[in-house]
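To start, the structure itself, in structure tokens.
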Amino acid sequence: MSHPLDGPIELARLVPAGELEELAAAVEQAVGAAVAIFDPRGRRLAGSEHAGAPCRDIDHDGEPLAKLASRSPAALDLAAQMLGLLTHHANARELAATTHEEAMRITFAELTEQNQRLQRAVARLEELDRLKSNFLATMSHELRTPLTSVIGYAEMLAEGLAGPVSTDQREYLGTILSKADQLLGMITSVLDVASVESGVPPLERASLSLTDIVASEVALFTAAARKREIAIQLETRGDTIVVGDRKKIRQVVSSLLSNAVKFTPDHGKVGVCVKPGPLSPHDGNARAVQLVVSDSGIGISREQVSKIFEPFFQVDSSSTRAFGGTGLGLTLAKAYVEAHGGRIWVDTSPGQGSTFVATFPIVGGSA
Ligand SMILES: Nc1ncnc2c1ncn2[C@@H]1O[C@H](COP(=O)(O)OP(=O)(O)OP(=O)(O)O)[C@@H](O)[C@H]1O
Ligand SMILES: [Mg+2]
Numbered sequence: 027m028s029h030p031l032d033g034p035i036e037l038a039r040l041v042p043a044g045e046l047e048e049l050a051a052a053v054e055q056a057v058g059a060a061v062a063i064f065d066p067r068g069r070r071l072a073g074s075e076h077a078g079a080p081c082r083d084i085d086h087d088g089e090p091l092a093k094l095a096s097r098s099p100a101a102l103d104l105a106a107q108m109l110g111l112l113t114h115h116a117n118a119r120e121l122a123a124t125t126h127e128e129a130m131r132i133t134f135a136e137l138t139e140q141n142q143r144l145q146r147a148v149a150r151l152e153e154l155d156r157l158k159s160n161f162l163a164t165m166s167h168e169l170r171t172p173l174t175s176v177i178g179y180a181e182m183l184a185e186g187l188a189g190p191v192s193t194d195q196r197e198y199l200g201t202i203l204s205k206a207d208q209l210l211g212m213i214t215s216v217l218d219v220a221s222v223e224s225g226v227p228p229l230e231r232a233s234l235s236l237t238d239i240v241a242s243e244v245a246l247f248t249a250a251a252r253k254r255e256i257a258i259q260l261e262t263r264g265d266t267i268v269v270g271d272r273k274k275i276r277q278v279v280s281s282l283l284s285n286a287v288k289f290t291p292d293h294g295k296v297g298v299c300v301k302p303g304p305l306s307p308h309d310g311n312a313r314a315v316q317l318v319v320s321d322s323g324i325g326i327s328r329e330q331v332s333k334i335f336e337p338f339f340q341v342d343s344s345s346t347r348a349f350g351g352t353g354l355g356l357t358l359a360k361a362y363v364e365a366h367g368g369r370i371w372v373d374t375s376p377g378q379g380s381t382f383v384a385t386f387p388i389v390g391g392s393a
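Here is the structure:
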């Protein structure tokens, strides 16, 4: 870019006409003689017509800058000095502005480039994320197909379709079936999370009793809990009808119940309550049905609690961890609750147990 200060200096561009007029007026007042200022080609820029013809050349750094006219040598001298000062000042002003402009231009160019780099990185990350979700979905699907056959054939064996089964064989088949079921559950979770990550799948919408769903899920967990002498207490209050997707709501309930039982030591307590209440902890007005699952278990520290809804996060992720699972239950629960317009949150601290609350808005209530 050519520098504006390169080449001949143009007085009219450098110094505003008003300032030249002020100069001429000031000289006339000081000396009592009219003065006029012309550009090097003799075009009048400011001052009085009565000053006469240009009679003095003014240079700046060896370049013709202006011509002055006056019948008084004193007025010419004063005007020349003032013009020198004015030009010097304007020059400095312009230099500062140009330097500033240049600096801005460089910063802007750098920012633009940085922005483009960021956009490329974001696009790449999005692409990777999409590939990851696709990979998870495909893998889970591919794993599920053979596993379904394993389960099917083990069930056929257990039913004696291939001949009599001894007690030991029945026991081993039972283990194969329960581990295969567990594996199928994990693969299904991965598949569900992959599909949630590429946009929550459409919900079915039916009028449902949350109490009924919770009661049937509690019944499913009771036997396992009893073995560890964990009592599950169910309490329901008021109207608990919600509109939503039965399968997904069931999954939310199951996820919270399974965690409560899993992370509570033997002889502990799990309480489940379904009742009308606010939609979120900060919202006293919006009406919703609340599912509250509290346990007397190990609790979660403040640092970890912000991460438990992230995919695959587990507080204890060591290979020797005591609890199974994939760390996807709460991710799915949160996605499904929010797809219904609800909220999910937890109140917990280490050693003090946890209380998870999931809410589902009442249709017609303010969300
Ligand atoms: N009631 C709870 N008490 C203590 N910690 C909990 C409780 N619920 C969840 N957590 C912590 O949050 C983590 C994430 O829970 P989440 O349900 O997503 O995964 P998971 O139970 O480990 O595996 P999955 O649900 O996929 O079988 C758990 O691994 C555990 O560390
Ligand atoms: Mg879980």
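My numbering applies: residue 27 is where the sequence shown begins, and numbers increase by one. Glycine included, every Cβ here is placed at the ideal spot set by N, Cα and C.
Is residue i helix, strand or coil by DSSP?
| i | result |
| --- | --- |
| K16 | Missing from the structure shown is residue 16; the chain here goes from 27 to 393 and no further. |
| A188 | coil |
| S306 | strand |
| D373 | strand |
| G323 | coil |
| A60 | coil |
| P42 | coil |
| Q340 | coil |
| G110 | helix |
| T229 | According to the sequence provided, residue 229 is Leu. The question's Thr does not apply to it. DSSP places L229 in coil when its eight states are reduced to three. |
| G297 | strand |
| R131 | helix |
| R150 | helix |
| T266 | coil |
| A348 | coil |
| I177 | helix |
| S392 | Confidence is the limiting factor: at S392 the pLDDT is only 43, short of 50, which leaves the residue's position unreliable, though a coordinate-based value still follows. Note: S392 maps to coil in three-state DSSP. |
| I334 | coil |
| R313 | strand |
| E139 | helix |
| E168 | helix |
| E36 | coil |
Does the beta-carbon distance from residue i to residue j come in below 8 Å?
| i | j | result |
| --- | --- | --- |
| T25 | T385 | Within the shown structure, residues of the chain are numbered from 27 to 393, placing residue 25 beyond reach of any answer. |
| V394 | A251 | Any answer about residue 394 is impossible in this case: the structure gives the chain only from 27 up to 393. |
| D271 | E230 | yes |
| A56 | A77 | no |
| A23 | S74 | No answer is possible for residue 23: it lies beyond the span of the chain, which begins at 27 and ends at 393. |
| A220 | L203 | no |
| L283 | E243 | yes |
| L40 | A147 | no |
| F338 | G353 | yes |
| V268 | L234 | yes |
| S215 | L356 | no |
| F349 | D321 | no |
| I370 | V389 | no |
| A72 | E36 | no |
| A206 | V176 | yes |
| G297 | G323 | no |
| L49 | L137 | no |
| A95 | P80 | yes |
| Y362 | K253 | no |
| E255 | D292 | yes |
| H86 | T125 | no |
| L173 | A184 | no |
| L217 | A163 | yes |
Along the chain, where does the alpha helix (DSSP H) that runs through residue i open and close?
| i | result |
| --- | --- |
| Q277 | R272 to K288 |
| I213 | T193 to E223 |
| G355 | G355 to A365 |
| V331 | R328 to V331 |
Following the continuous beta strand (DSSP E) through residue i, name the residue where it begins and the one where it ends.
| i | result |
| --- | --- |
| A92 | E89 to S96 |
| R82 | R82 to H86 |
| S74 | From DSSP, S74 is part of no beta strand (DSSP E); its letter is neither H nor E. |
| P387 | S380 to P387 |
Beta carbon shell of ligand 2 at less than 7 Å from a heavy atom: That gives S281, S284, N285, K288, G351, G355 and L356.
Per the contact definition of three or more C-beta pairs closer than 8 Å, is the region 305–313 in contact with the region 264–283? As far as the Cβ criterion goes, the region 264–283 does not touch the region 305–313, which means the pair count is below three.
Is it true that the region 289–308 meets the region 317–332, where meeting means three or more beta-carbon pairs spaced less than 8 Å apart? In short, these stretches touch, since the Cβ pair count reaches three.
If contact is defined by three or more beta carbon pairs under 8 Å, each pair taking one atom from either stretch, is the region 360–376 in contact with the region 323–330? Between the region 323–330 and the region 360–376, the count of C-beta pairs closer than 8 Å reaches three or more; the two stretches touch.
Under 8 Å, with one C-beta from each stretch per pair, do the region 163–173 and the region 197–210 reach the 3-pair mark? Taking 8 Å as the limit for Cβ pairs, the verdict is that the region 197–210 does touch the region 163–173.
Inspect the CB distances between the region 91–108 and the region 43–56 and report whether three or more fall short of 8 Å. Taking 8 Å as the limit for Cβ pairs, the verdict is that the region 43–56 does touch the region 91–108.
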